Amino acid sequence: MLGVSGHFCRLTGWCVAGLLSAGLLGLFLLSLALVGAQALTPSHHLSLSDVARLHSFLSQSFTDLESAYYSIVGLTKLGANVADQRIPVSNETRDILLAAVSEDSTVAQIHRAVGALSSLGLPLASQEVVAALTARINKEDNVMAITLALHTAARLSAQADFVGILEEIEDLTARLDDLGGVYLQFEEGLEATALFVTAAYALSDHVDMEPPLKEDQVIQLVNSIFSKKSWDSLAEAFSVASAAAAFSSNRFHVPVIVSAQGPATVSHSQPTLQLLVTDVLSQPLASASVLVESAYAVASKSVILSQAPFTLNDGVFELNFMSSQPASGYYQFTVAVTGDSRLIANHVELKVKVSTEVAITNMDLSVVDKDQSIGTKTTRVDYPSKAKSSFTADSHQNFAMSFQLVDVNTGVELTPHQTFVRLHNQKTGQEVVFVAEPDSKNLYKFELDTAERKSEFDSISGTYSLYLIVGDATLENPILWNVADVVLKFLDEEAPATVQPKTLYVPKPEIQHLFRKPEKKPPTVVSNTFTALVLSPFLLLLILWFKLGANISNFSFSPSSILFHIGHAAMLGLMYVYWTHLNMFQTLKYLAIIGSLTFLAGNRMLAQKAVKRIAAEQSSRLAKYRSLR
Amino acid sequence: MAAFGLLGNNVILLVSLASMLQCVSADGKTLVLLDNLNIRDTHSIFFRSLADRGFDLTFKTADDPSLSLIKYGQFLYDHLIIFSPSVEDFGGNINVETITSFIDGGGNVLVAASSDIGDPLRELGSECGIEFDEEKTAVIDHHNYDVSDPGEHTLIVADPENLLKAPTIVGKPTNKPILFKGVGMVADPDNPLVLDILTGSSTSYSFFPDRPISQYPHAVGKNTLLIAGLQARNNARVVFSGSLHFFSDAFFNSAVQKATPGSQRHEQTGNMELAEALSRWVFKEAGVLRVGAVTHHPVGETTPPAAYTVTDLVEYSIVIEMLSEGRWVPFDGDDIQLEFVRIDPFVRTYLKKNGGKYSVKFKLPDVYGVFQFKVDYNRLGYTHLYSSTQVSVRPLQHTQYERFIPSAYPYYASVFSMMAGLFVFSVVFLHMKEKEKSD
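The listed protein sequences derive, respectively, from chains A and B. Using our numbering, you'd call the opening residue of the first sequence number 1 and step up by one each time. Using our numbering, you'd call the opening residue of the second sequence number 1001 and step up by one each time.
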């Protein structure tokens, strides 16, 4: 047993020497990289609020072995004192953990059990773990398994064979994907990357050997692990917490996060530049010392400060930058953080803003005739009051405005980024913005040619509120000043385009169909009179017949004559029905039936009549003959 | 036993039918193009909310050589998310043209840009009527920037009042301000389909933060679009956000407070709600309408005739449904209009909600021809609903005219007296017995 451990120790020693030379080579490469690619600095870390959220995320109540492990170990990493009964550990949980350490368990289960046990300070049966683990180290070739093996190895005091495992760190490093030169992560995801970092540093600390990671790679790993601020699972949150702990407390690489307290701004009211120098968990690095290597104005490139130290004051590094009397604008700082050989990314470029306050002076407003620009009356307005009377400008006049912008603190004339003149029509809500530009003496002049600019106003005359907007990133008091009301009168006041594109989405006007009105009819008296006139011949006929003694005495009630007259009447009736109801084809059908019947009946009736008449004639002729005789 | 098996089959059928109804939509295949895969982590909340809602997300870097949107004339994805502002050339066979034809084919696209905007996205914007400002510019607002602004006043606090007033697109009204950091846009004034979803304030403008203003800025004041949308005529939807950070976890969880003294502090931004509402709209989970059964018939009957007659009283009804959480529910609107059109509309009237359907009774115009019942409902935030049903309207038949016009009574009287005369005359003529002359 002793012999075995000694063998391991010797192997470890050999490996340390090998890695040391690799590490030196790495350092050399790193310094080359630093010269080449200037200043890759961590862009992501865990702010205090992130740490708090992570803490609360991990403080969920746990139900099984996995969640128990993640919560307990994760919170330990964040500095919470778990053994202090903040997370109660029942005897059952302890039994579950101990039972998990067996040769039948997978690497992951062994690993978690070992981790939880050691975090809780419970006795750990190292020999069993070694036996279970060594069988599986090289079996699986995926990132997670190797990472877990690394991690478990770091837990196992000096009894494991580290040679093969240490080589795995370098192999895994080569497998990392570089994303845009800013991020470095495994394609398996964030969790794998974070766990790898944890394991690599844990094992490196364990064997006291610098891990084969370049400075740029460390920073890229920091970026990729801490860029995610919202964690999907307990496991992921745990891995981030572990990696954060590894980055802040290992023996080789501690990435420095230099950030300004609040915005990186100094002004006359706030003359000191306050920097927070922390590790990735936002814990201040009290042992560090901070030095401005150089500071130059971005606009003029002139160096204003060099080799000035920051003073540590209650965890915040301070520098009174205003004492070197910088003009307002941006300054590029190169800050070096020293005091610990482990520090990484300790040369930081910072953009510091010197801000000031602006005042508007000599605000003159006037309406100038285009023909004779002499003798115009100018009105002076003082900030922040509004001109008492409104100005009126028609198409023959220009509205003019001039003013100066000065620094309240130094009296120097300023030319801020934003110097806009906004005209706002209260009625239509339309706004038109112009840019006011300074002349060579930094006097701002703005002239509005109403005739020329009418298209921008859509030729809508009316009262416009005139605002002056002054703003700059280096101004502490942006100005939005309603200077005056201006009445603009445009010459050809066309009807403004009423059809707006937005009418696409509103209901259209209703349409009621206008029905044709019936034509006016002539008075009915006329038609009634003529109706009577038209009917009168028929009446006359009847009357005359009556007088003449018309009769139907010859009517014989034979079926044929009845049928004929009924048929005749029916045909006439059919004509009436045709007029009111039927169409021609129906009428023809009925007419054929009635007509044929009537024809036959008529024929028969006339035949009978003829027979009767001939008989009567014969008899009368006979009678005549007899009388003649 | 056989009966039992049959029963089992029926149950299975029912269950499968129910599950089909359950997931009407929101199972769209979505391609997500990223600048780098780390964006998946920094924007995890947004992607998770999409995945939770059933979208099948495929993450690819924008320069992945295996990218493909169309294969053998078929679209491989229903939706496209472009979260790769700085891309200079898309990989594979994706380019601005294929994305445009994807939109023309009905695909929905969500684009997020940033100050590092590359040419392809600017071109895509121009195709959709949106002009991005130049690379390296940013929307600046010295009056409405966040307290945590790093120094250039480009971390903008957008008031919710500047949001488009369309709850289908931007969600329920809220007072939470929106954080924005990115590039500005302006809408093409000739394109009426562009929607100003979120505009800057009057004091905002878009320019290079580190250069003095030498020319008139690309976007100024309320013309500055922070988020713009477009619903094409084929109902494909596109949303452009000038800010990729807008969708990030950091902005979702951040507190927000304007830097001007005395501003109210909000513990959370409105970004998450807005981003979710926007994604619901752009990926057709919200504001989707469809036409159900359309019926029309004369009042008092139940079936439509072969042809209507002018001035008939007609009842028209239509069922309109809206997609809500994957189900079709009756749509509730009070401004749906029916048009009765022969080239031009002759009648335009509002439909009244009547149970599950919309209906109206109206009198057909006294003009004959081939007409259409047309419902053309185009409202902000909803898909364009269009339904037309063709019917013919014929003039009165000869029996349907007025038979006895008072003015024409002399004609009728003359005809009828003629007929009566004929009858009486025929009777008298045939059957009169003449007196004996000899008497």
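Backbone N, C-alpha and C define an ideal beta-carbon position, used for all residues, glycine too. Since the model is a prediction, treat every value here as computed from it, not as a measurement.
When secondary structure is reduced to three states using DSSP, Thr598 of chain A falls in the helix class. Pairwise C-beta distances place the segment 1323-1333 of chain B out of contact with the segment 1295-1312 of chain B, as fewer than three of them are shorter than 8 Å.
Looking only at A:Leu468, A:Ala393 and A:Pro42, the smallest Cα-Cα distance to Trp481 of chain A is reached by A:Leu468. Within chain A, no C-beta atom comes nearer than 8 Å to that of Ala1307 of chain B; the closest sits roughly 17 Å away. One finds Thr580, His581, Leu582 and Asn583 in chain A with Cβ atoms closer than 9 Å to the Cβ of Thr1399 of chain B, taken in chain order.
Below the 9 Å Cβ cutoff, chain A contributes His565, His568, Ala569 and Leu572 as neighbours of Phe1423 of chain B, in chain order. For Asp369 of chain A, there is no enclosing alpha helix (DSSP H); the residue is part of the beta strand (DSSP E) that begins and ends at Val358 to Asp369.
The shortest C-alpha to C-alpha distance from Asp369 of chain A to any of A:Lys388, A:Ser287 and A:Ala400 is the one to A:Ala400. At least one C-beta of chain A is nearer than 8 Å to the C-beta of Met1432 of chain B. In the three-state reduction of the DSSP assignment, Leu1278 of chain B falls in the helix class, which pools H, G and I. Residues of the segment 1318-1348 of chain B whose Cβ lies closer than 7 Å to any Cβ of chain A, in chain order: Asp1335, Gln1337, Pro1345, Phe1346, Val1347 and Arg1348. Using a Cβ-Cβ cut-off of 8 Å, Glu1152 of chain B is close to Ala473 of chain A, given in chain order. Under the three-state reduction of DSSP, Thr1199 of chain B is assigned to strand. The alpha-carbon separation between Lys388 of chain A and Ala484 of chain A amounts to approximately 8 Å. For Arg1379 of chain B, the closest Cβ of chain A is nearer than 8 Å. Assigned with DSSP and collapsed to three states, Ser1066 of chain B falls in coil, not helix or strand.
Three or more pairs of CB atoms, one per stretch, sit closer than 8 Å, so the segment 1197-1204 of chain B contacts the segment 1158-1170 of chain B.
In the three-state scheme derived from DSSP, where H, G and I count as helix and E and B as strand, Asp458 of chain A is classed as coil. For Leu176 of chain A, the CB contacts under 7 Å within the same chain, skipping 5 residues up- and downstream, are Leu184, Gln185 and Phe186 in chain order.
A contact is defined here as three or more CB-CB pairs under 8 Å, and the segment 502-512 of chain A fails this definition with respect to the segment 470-478 of chain A. The segment 402-421 of chain A makes contact with the segment 431-450 of chain A: 3 or more CB pairs, one atom from each, lie closer than 8 Å.
When the beta-carbon positions are compared, His151 of chain A and Ala202 of chain A come within less than 8 Å of each other.
Under the Cβ criterion of 8 Å, Ala1112 of chain B is not counted among the residues facing chain A.
Of the residues assessed, Leu75 of chain A falls on the buried side of the cut-off, its CB having 16 or more other CB atoms within 10 angstroms. No Cβ of chain A is located within less than 8 Å of the beta carbon of Ile1094 of chain B.
Within the segment 1251-1267 of chain B, the residues whose Cβ lies closer than 7 Å to any Cβ of chain A are, in chain order, Asn1253. Ser1115 of chain B has its alpha-carbon roughly 39 Å from the corresponding atom of Val381 of chain A.
If you draw a 10 Å sphere on the C-beta of Gln1337 of chain B, you find 16 or more other C-beta atoms in it, and that means buried.
Contact between the segment 1238-1255 of chain B and the segment 1178-1194 of chain B is present: 3 or more CB-CB pairs across the two stretches fall below 8 Å. Our two residues, Pro309 of chain A and Thr338 of chain A, have alpha carbons roughly 11 Å apart in a direct line.
DSSP, reduced to helix, strand and coil, places Lys351 of chain A within a strand of the structure shown. With contacts defined as CB atoms closer than 8 Å, Gln418 of chain A and Thr361 of chain A fail to qualify as a contacting pair. Non-local beta-carbon contacts of Ala436 of chain A in its own chain, meaning distances under 6 Å to residues more than five positions away in sequence, involve Thr419, Val421, Tyr444 and Phe446 in chain order.
Judged by DSSP secondary structure, Ile1156 of chain B falls within the beta strand (DSSP E) whose first and last residues are Ile1156 to Ala1158. Taking a Cβ-Cβ threshold of 8 Å, none of the residues of chain A is close to Met1272 of chain B; the smallest such distance is about 10 Å. Of the other Cβ atoms in all chains shown, 16 or more fall within 10 Å of the Cβ of Met1322 of chain B; this residue is therefore buried.
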